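Structure first, commentary second.
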Amino acid sequence: MTTGLPYQNGSPHCRMRTMQIRRPVLIAFACVLLITLYHSGPHAGQPDPPLTPEEQQRWAESGFVPEDALIWKRVGIGPAEAREWVMAGIQFAEWANQWKGEGFGPADAAKWVRIANVYTAGEFRKRGFSPADATAWMETGVGSALRAEEFREIGLGPKEAGRWWKLKFYPQEVPPWRDAGFGPEETLEWKYGKKEYHNDGLGYSRTVFSVEWAREWRGGGFTSDEAKWATRIGVKFPEAIQWKRAGFGLSEAVRWKDSGFAPDQAARLRAEGLNPVEAEERRDAATATSEDEITSLHADISLREDGSVFVTESFEVLNRPGGAIRGCFERVLPAHTTLWYRSSSSRDASPSYSHVAAFIDESPTPADVVKDSHGDRILCIGGKGSQLAEGTHAVTISYVTEDRLITLRDHEELFFDVIGRPLRIPVRRASATIRLPRGADVVFADGFAGLQERKDFTARVHQVDGSDVVEYAVWRPLTLKPEMVFQVSVGFTKGFVRTSLWKKARQFDRQTGRLLTSLLILVVGFCGTISYYSVAWYRVGRDPKAGMVLPEFEPPAGASPAFIRYILKRRRVDDVSIAATLVHLAQRGAIRIEEREGVYQLRKAGSAEGCASYERDVLATVFGDIDRFIMGVGRARSILLGVRWKVKRALKAEYQSYFVSNARHLWPGLLVSGATLLGSLIVLNLRTGRKAETFLTMYSGFQITLFAFLGLLFYFLLKAPTREGRTLLDGIAGYRDALAANYRKEEGGQSDPGMSPFLARHLPYAMALGIECDRLAFRWASTQWFTGRSGGFSVRDFIASIRRRVPRKRASA
Amino acid sequence: MSEERSGMNVWRARFLVGLIAVGAFLVPYACAMLIENALVQSWARYGFSPEQTREWWRHGFRSRATAVQWRASRFEPREAASWETNRFIAAEAKEWKQAGFDLAGAAEWRRYAFRHEEAGEWQATGMSVGDAVSWRKQGFSPREAQRWKEAGHSPMNAAERRAAGGSP
């Protein structure tokens, strides 16, 4: 809403105050600028005084021309000393000054100048190294005096220290490894774990092993690779030693261990000519079991040129009575998975699944999908409520999945979990076939099968119709522990898979927990809300066009001074409103205003006929049963504050007949905002964790702020004056112009001295309109309702008296 | 019909048109010169002389940071442009170059996802890129592949024999 009045800004007093603040700031700024310029200008450094003829003579005798001599003199070096520095090979004054500053004399400096720069030389000398020592240390690559000192302190000479330093070992790291008998190269080999590579091609190791660990494993006769691998897969040193004593190499020991045999059992079985798998099968065959099992599992995985993967999984399921399968046969399709690079890095992925189909014993069967709390899809093959019949069944599932590729600078990798989550049912045989797009060449065929980091599989690559096909076969039953996995990873040459932008966007959306979708909803909702508000504003919120403003010499009909101020001050009632109301009442003969020594008091003088009803309420509130009210004393201030609230309530009702809020048009916008907020938050599928919670809090906070701001903005914009309101505003504008012109004339001394009856009559309105009338003299003659100081009624003083507190003594006097 | 006297002299009008025409050329030219000079100055802070800067620009390097990387990898603008056209970054190109590969060779080996050190090893066995791709596909290292090849085996054959526990 706009009032359409051009004079709502500050009075000349306000402008004066602004100038008063601005001027010192400008002066201070100018001073700072001048000082800065002065100091950075030609005054900054005084020119060198010229040499006297005697000085010139002395410098010339030492072989210096006057220009050079001036510089040497400036740095405080005399002719004789300057000559010594030049003879020492330090030919420039500033350079000599640096050496001098580091505590070197010309003779000393001559020994160091060809070895190191002045500061390095200074550091070495300070730490007690001779030039020859320093040379030896620097030649082995230890160029820092501090490092050389540290190496020296741990008892290493330059040569040995250089070997450690070259491999980037700091002196503090060396003693424990050296004391345990490790040389620098061995330390490097044992101390750090597998390197991980980033896209920039730089490798670094996340794992650091302790010297005690290294000493133990090396003492046991293991290589560093064996020790690190054993540690990674959870084989402790005593166990490794047991296996070693039983005659097993580490990798063989791990195979027997994974098959569930202790060292002595394994040794006996091996002596019988069995390998771990044969031994395991023989053991299992001897044990009668009632467990259900997957006799075989084969996954056929075809990578398409658009980056999607078509998967067909064939299970041979043996359902025994009382086994784990109760109801339908279930297969979990994970919502989130980790794609492992061959270089041990990884990225999180959120694969999608589509075109899901299922068959039992070659007959199509429904596959109902249930989502669990993690968002994983549990396929119930045969339908919910069905029961897989006892016996052996061929179960086939096919689906299309996306977001399985890792794109690197020089190749791409397909990573797929055939068995990535623990299966409740043991798998006897597992295999997989990976088919690449035509033309793509296999770079490597890798993966995991068995327990952590085990590679209990064989991979064979061949070509079918011009496409590379990788056949994986797991050579051990995945039966013993639920942590057993079967994951395949195939690297292939780039340029044969082209994922469309749309698919990439969808992948990104899934990876970020539907953030893109949420943002899309937010943007659409925001645009919808803003469009609705704009239409609503266009239809009902626009102010009627302002009419012609003509000078008016009377206030708009029925508009009291306080009401006019209420409109101008955007529905605020202040001390000026109360003062104007009191003066208005005084003019109407309802009260008299008396002033004595700065204390104002109001006296009841008659009935408030012709006044607005709220003005009569003001009278009743101020006076009550008494007929005198001293301002600034006792409860006067709180009574006047109460008056303000009453006036405000009364004016609000009056205001509503001239202006409409159009609040009912705000509700649909708020509803759309709320729906958008809810929708954009509901679609989010963030993983649990502190980061996600923080993000959710910030994201929802941002949205709430955004929509609250929008609602608030349009709450104000939708307010508009009615036609009557517009007429009232135009009337006020015309009245104000006329009044201001007349008061200005009076202040400028263009009219007769003293207060004209016109101005006196319109005084409460002039106060309400904020017209400057402080310096005018309102003589008793023109203000019959006022008695007081000889200078007449002062508007400013009267307004201030509403807020002012007066000591009781002065009031009673 | 009497000729009305114009407010502007004909020569003055011609002069103004000429001035505007010259200004239309000079103003943008001067702006471009200023911008170019500012850029040359900013490159100069990284040790490029104005001629060198223009040479890098001529070869398509408008990013100072990229030019600095190529220069640090000891490439001249012309050579750097060729490598970059083949989608090498400076550090990678340097590695390939130091491993003894020219651009054509490096591009060929890298197209089949060989790193420079792998490519060097395969090349040392005397195998072509095609051979190397076939042997690598079956999981052979260059040395193993060489032994099997010298024994007269094809990659498939060698892989099958090896899977069965055989040796060359």
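Heads up: the protein sequence lines correspond to chains A and B, in order.
The first sequence finishes on residue 814 if you use our numbering, and the numbering steps up by one all the way, no holes.
The second sequence finishes on residue 694 if you use our numbering, and the numbering steps up by one all the way, no holes.
Don't be surprised by glycine CBs; every beta carbon is placed ideally from N, CA and C.
These numbers were taken from a predicted model, which means no experiment stands behind them.
Taking the Cα positions, B:T651 is about 18 Å away from A:V444. Note on A:A108: under 16 other CB atoms within 10 angstroms of its CB, so exposed under the neighbour-count rule.
Within the stretch 516–543 of chain A, not a single complete beta strand (DSSP E) segment reaches 3 residues in length.
Setting aside the 5 residues that flank it on each side, A:T296 is surrounded in the same chain by E317, V318, L319, T393, R429, R430, each with a C-beta closer than 8 Å to its C-beta; the list follows chain order. Restricting attention to A:T232, A:W230, A:A263, the CA atom closest to the CA of A:R246 is found in A:A263.
Following the DSSP letters along the chain, one finds B:A607 in no beta strand (DSSP E) but inside the alpha helix (DSSP H) bounded by residues 603–611. Minimum Cα-Cα distance from A:L516 among the listed residues A:S701, A:V619, A:E484, A:S658 corresponds to A:S701. Cβ-Cβ distances below 7 Å link A:G529 to V673 in the same chain, with the five nearest sequence neighbours on each side left out; the list follows chain order.
A Cβ of chain A is located within less than 9 Å of the beta carbon of B:K663.
Proximity of B:E602 to chain A, defined by a Cβ-Cβ separation below 9 Å, is not satisfied.
For A:Y354, DSSP records a beta bridge to A:T402. Not a single C-beta of chain A is nearer than 9 Å to the C-beta of B:R673.
CA-to-CA, the gap between B:S654 and A:T397 works out to about 43 Å. With contacts defined as CB atoms closer than 9 Å, A:D442 and A:T494 qualify as a contacting pair.
With distances taken between CA atoms, A:E595 lies nearest to A:D628 out of A:S614, A:F564, A:D628, A:E610. Straight across, the Cα-Cα distance linking A:F238 with A:W218 is about 7 Å. Taken through DSSP and simplified to helix, strand or coil, A:K495 comes out as coil. Every beta strand (DSSP E) stretch that sits fully inside the stretch 564–613 of chain A and reaches 3 residues is listed by chain position as 592–597, 600–605.
For A:A606, same chain residues with a beta-carbon under 7 Å away, outside a window of 5 residues either side, are G590, A591, I592, R593 in chain order. Contact with chain B is found for A:R410, since one of that chain's Cβ atoms lies less than 9 Å from the residue's Cβ. By the Cβ-count criterion, A:V114 is buried, with 16 or more other Cβ atoms from all chains shown falling within 10 Å of its own Cβ.
In this structure, A:I705 is the residue among A:R691, A:T698, A:I705, A:H666 with its C-alpha nearest to the C-alpha of A:T677. What A:V462 touches in chain B, judged by beta-carbon distance under 7 Å, is K663, Q664, going in chain order. Assignment of A:W73 by DSSP, reduced to helix, strand and coil, places it in the helix class. Counting only the Cα atoms, A:V684 lies some 59 Å from A:Y766. In this structure, the beta-carbon distance from A:D301 to A:E314 falls below 9 Å. Within chain B, the residues placing a beta-carbon under 9 Å from that of A:V444 are Y638, A639, F640, V659, R662, K663, ordered along the chain. Under the three-state reduction of DSSP output, A:D259 falls in the helix class.
Counting the other CB atoms within 10 Å of its CB gives B:R538 a total below 16, which places it among the exposed residues. In terms of beta-carbon proximity, B:E562 stays away from the interface with chain A, with every pair separated by 9 Å or more. Taking all protein chains shown into account, A:L679 has fewer than 16 neighbouring C-beta atoms within 10 Å of its C-beta and is therefore exposed.
Within chain A, H463 have C-beta atoms less than 7 Å from the C-beta of B:M682, given in sequence order.
Comparing alpha-carbon positions, the option among A:D259, A:T188, A:E694 lying closest to A:S225 turns out to be A:T188. Where A:L340 is concerned, the enclosing beta strand (DSSP E) starts and stops at 338–341.
For A:D349, no Cβ of chain B is located within less than 9 Å of the residue's own Cβ. For A:E281, there is no enclosing beta strand (DSSP E); the enclosing alpha helix (DSSP H) covers residues 277–287.
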